[in-house]
Structures are given as structure tokens and as C-alpha cells.
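40 is the number of the first residue of the sequence shown in the numbering used here; add one for each residue after it. Ideal placement from N, C-alpha and C gives every residue a C-beta, glycine not left out. Quantities reported herein were computed from a predicted structural model and do not represent experimental measurements. Comments concern the structure below.
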Amino acid sequence: MKGSLLLSTLVVLAGCSTVEPADERPVTRADITTLIGSAKAQHIDSCKVLPLGKKACGGPERYVVYSSESITDERALLDAVHRYNENAKEAAKRGYSTCQHIPEPEPQLVGGMCTIPN
């Protein structure tokens, strides 16, 4: 009885493996740019700004803009940005950067495209 209970427990625990999915490679800015695609919009309210990266002194390295009208998978974009930022936070602990504060820009709608000032 104890042997079969032990075997059952091992089988159940083996199914609870913590192996990460194969596609857990670091997210790149190119990946994020691809997810954003073209930031086409008809209304300024569709233009969204996200902080990207982390500076060693705190705050984002930059911002990106996307359109909620034209993005195909907003959840995938937000998850990718989160993963990118987490990786950047760890990298920032080992490095240095300017401590210049970069305020969050207001998105603009220019010629049917969401943009942010450089």
C-alpha cells in the first residue's frame, strides 16, 4: 500500500514540472517593434505610450507608442514589454547610466499615425 502511494505521489509530482516553455528567450526591442507593427489610428485616444527598459538610476530608457486600433495582440505586447523591462532591470543592477529623467511623452496623431516626440 505504501509503495503504491509513493508511486502515485511521484507520478503526480512529475507532472508538476517547473520546466520553462521553450520560447523563454529574452525579448528584444526588435520583437517589441514587430508586435507594435504600424501605429495607425483615427483617434488620438487610441495612441498608447509604454515605458521601455530601465536605467540604473531608475526610470525607463525610452518610451514606445502603439495604437490600440491597429495592434493585433495587445496582451502579447504588454507581456513582451514586461519581460523586456524585467530583464533590463536586472541588467541595470550591473551597469550604469545617465540619471537624466525622461518624462513620459504625450502621444500625437500625425497623418493617421501615433507618434511621440524624440
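Subject >> Reference Arg-101, options Cys-138, Gly-151 and Val-149, closest by Cα >> reply: Here residue 101 refers to the residue found at position 62 of the sequence shown. When only C-alpha atoms are compared, the closest one is Cys-138.
**OP:** Can you give me the start and stop residues for the alpha helix (DSSP H) that Tyr-123 sits inside?
**Re:** Counting from 1 along the sequence shown, the entry for residue 123 is found at position 84. Taken as a continuous stretch (DSSP letters only), the alpha helix (DSSP H) holding Tyr-123 covers 113-132.
**OP:** Determine the direct distance from the alpha carbon of Gly-76 to that of Asp-1, and round the result to whole angstroms.
**Re:** Residue 1 lies beyond the range of the chain shown here (40 to 157); nothing can be said about it.
Original post:
Are at least three pairs of beta-carbons, each pair with one atom in the stretch 89-104 and one in the stretch 131-148, less than 8 angstroms apart?
Top reply: Yes: the two stretches touch, three or more of their Cβ pairs being nearer than 8 angstroms.
Subject >> Alpha-carbon to alpha-carbon, Ala-119 and Ser-128 >> reply: Position 89 of the sequence shown holds residue 128. Position 80 of the sequence shown holds residue 119. Note on residue identity: the sequence assigns Lys, not Ser, to residue 128. Each residue's alpha carbon lies about 14 angstroms from the other.
Subject >> Rounded straight-line distance, which links the Cα of Thr-154 to that of Cys-55 >> reply: Indexing the sequence shown from 1 puts residue 55 at position 16. Indexing the sequence shown from 1 puts residue 154 at position 115. Low local confidence applies: a pLDDT of 41 at Cys-55 is under 50, so the model's placement there is unreliable, with the coordinate-based value given in what follows. Their Cα atoms are separated by approximately 45 angstroms.
Original post:
Buried or exposed: where does Val-149 fall if 16 or more other Cβ atoms within 10 Å of its Cβ makes it buried?
Top reply: Here residue 149 corresponds to residue number 110 of the sequence shown, with the count starting at 1. Exposed, since its Cβ has fewer than 16 Cβ neighbours within 10 Å.
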